[in-house]
Amino acid sequence: MDLVEVAKKLFDEGVEVIIGYQGNFNVKPIFAKANEVDKLTFNPLCIYNLTNYLTMEGFVDKVDKIGVVVKGCDSKTILQLLDENAFSRDKIVVIGIPCNGVIDVNKIVEEIGEFREFKDNEFKIKWEGDELVVEVNGKSYKFPKDKILLEKCKVCETPNPVVYDVLVGNLIQQPHRKEEFKAVKEIESLSLEQRWEFWIKEFEKCIRCYACRNVCPLCYCESCVLERLEPEFVRRAVRLDENIAYHLIRAYHLANRCVGCGECERVCPVNLPLSLLNKKVAKEVKDLGFSEFLKPIEVGR
Ligand code: SF4
Ligand code: SF4
Ligand code: SF4
Numbered sequence: 171m172d173l174v175e176v177a178k179k180l181f182d183e184g185v186e187v188i189i190g191y192q193g194n195f196n197v198k199p200i201f202a203k204a205n206e207v208d209k210l211t212f213n214p215l216c217i218y219n220l221t222n223y224l225t226m227e228g229f230v231d232k233v234d235k236i237g238v239v240v241k242g243c244d245s246k247t248i249l250q251l252l253d254e255n256a257f258s259r260d261k262i263v264v265i266g267i268p269c270n271g272v273i274d275v276n277k278i279v280e281e282i283g284e285f286r287e288f289k290d291n292e293f294k295i296k297w298e299g300d301e302l303v304v305e306v307n308g309k310s311y312k313f314p315k316d317k318i319l320l321e322k323c324k325v326c327e328t329p330n331p332v333v334y335d336v337l338v339g340n341l342i343q344q345p346h347r348k349e350e351f352k353a354v355k356e357i358e359s360l361s362l363e364q365r366w367e368f369w370i371k372e373f374e375k376c377i378r379c380y381a382c383r384n385v386c387p388l389c390y391c392e393s394c395v396l397e398r399l400e401p402e403f404v405r406r407a408v409r410l411d412e413n414i415a416y417h418l419i420r421a422y423h424l425a426n427r428c429v430g431c432g433e434c435e436r437v438c439p440v441n442l443p444l445s446l447l448n449k450k451v452a453k454e455v456k457d458l459g460f461s462e463f464l465k466p467i468e469v470g471r
């Protein structure tokens, strides 16, 4: 069954709303009701981790049964949120999609043009082996996979959802791509002074827009310690010392919780290497023996 067929069945079974993707080139999240089921789509531009919406204040309590579309990386968030009792498992129907990777759209617009130059419904995009095939304005373009994948997808260990109630498509049979903290090890090989210089340069760039926190599905405290005024742990001033405090506190709050979905890094307007920071903490946790790496599990209906 394809996504729309799966969704139709779920609506018939009592799901009230499905959080999924809509659009072809101009992909956006949708909270689809039964009458919007045909809008649901999935393609290599479905980047967002939609599980972020599950922790919107009061949302899950207002709806009896919610469907949510997840890729492999997003599905790890569901396990973490369940572990934290963020919501009841009965409320959520996990629609898992085995994933061949998502792409950096900026890497294809140079060739195909901006969205305003064509209609969204005339745009088609799909994986064909190791190539991305795009059809638009009567032309067909091909892009090699390794050139356009997001970095996280190049080292993805969980292309298949680690938890799902229904699966759209077939599980992907491929060896896990082990990264083993390659980028972290490179930084660790530098001297203390060099590392300090590296991170200072990065933290100086931060404009404290809070996009990284807002997009993070695991940053869902009702009152964030980083914005609290009484007591004021971190000032909101955009200054190096305050920026360092902001990032280190956030990294510690996500220790052994961050699932590596990469959303924080993707939305950062000044390109801070936030995944590197998160992975450094993950490596420390692993080295201390506290980390329980998520093993793929299948949860049937
Ligand atoms: S990290 Fe894995 S599951 Fe997530 S988008 Fe990339 S390939 Fe898909
Ligand atoms: S998204 Fe980037 S600029 Fe904004 S607060 Fe986070 S690190 Fe700073
Ligand atoms: S810190 Fe970044 S990578 Fe980790 S869960 Fe949050 S958004 Fe995803």
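For what it's worth, this note's numbering labels the leading residue of the sequence shown as 171, then goes sequentially.
The beta-carbon is built from N, C-alpha and C at its ideal position, and this holds for glycine as well.
Indicate, with yes or no, if ligand 1 has a heavy atom lying under 8 Å from the CB of Asn-205. no
Mind pulling the beta strand (DSSP E) runs of 3 or more residues that sit fully within the region 253-280? 262-266
Below 9 Å between beta carbons: does that hold for Asp-244 and Thr-211? no
Go ahead and label Lys-371 buried or exposed: buried means 16 or more other beta carbons lie within 10 angstroms of its beta carbon, across all protein chains shown. exposed
So, are the CB atoms of Arg-360 and Phe-368 less than 9 Å apart? The question names Arg, yet the displayed sequence has Leu at residue 360. In this structure, Phe-368 lies closer than 9 Å to Leu-360 by Cβ.
For Ala-425, three-class secondary structure by DSSP: coil
Taking only three categories from DSSP, how would you classify Gly-190? strand
Using C-beta distances below 6 Å, list every residue in its chain close to Glu-374, excluding the 5 sequence neighbours before and after it, in chain order. Leu-410
Check your reading: residues with Cβ closer than 7 Å to ligand 3 heavy atoms: Asn-219, Thr-247, Cys-382, Val-385, Cys-386, Pro-387, Leu-388, Cys-389, Leu-424, Cys-428, Val-429, Gly-430, Cys-431, Gly-432, Glu-433, Cys-434, Glu-435, Leu-444, Ser-445, Asn-448
Is it buried or exposed, Pro-329, if we count other Cβ atoms within 10 angstroms and call 16 or more buried? buried
Write down every uninterrupted run of the alpha helix (DSSP H) in the region 357-423 whose length is 4 residues or greater and which is fully enclosed by it, in chain order. 362-375, 381-385, 410-423
Heavy atom of ligand 1 within 8 Å of Gly-339 beta-carbon: no
Other residues of its chain near Val-336: CB distance less than 6 Å, five sequence neighbours each side excluded: Val-176, Ile-265
I want to check one thing, is the minimum distance from the CB of Gly-375 to the heavy atoms of ligand 2 below 8 Å? The residue asked about is misnamed: residue 375 is Lys in this sequence, not Gly. Yes, ligand 2 has a heavy atom inside 8 Å of this Cβ.
Ile-377 classed as buried or exposed, judged by whether at least 16 other C-beta atoms fall within 10 angstroms: exposed
Assuming Val-455 is part of the alpha helix (DSSP H), what are its boundary residues? 444-457
Can you tell me whether Val-469 is helix, strand or coil according to DSSP? Summary for Val-469: the model assigns pLDDT 45, below 50, so the residue's position carries little reliability; its value from the coordinates is reported in the next sentence. Three-state result, Val-469: coil.
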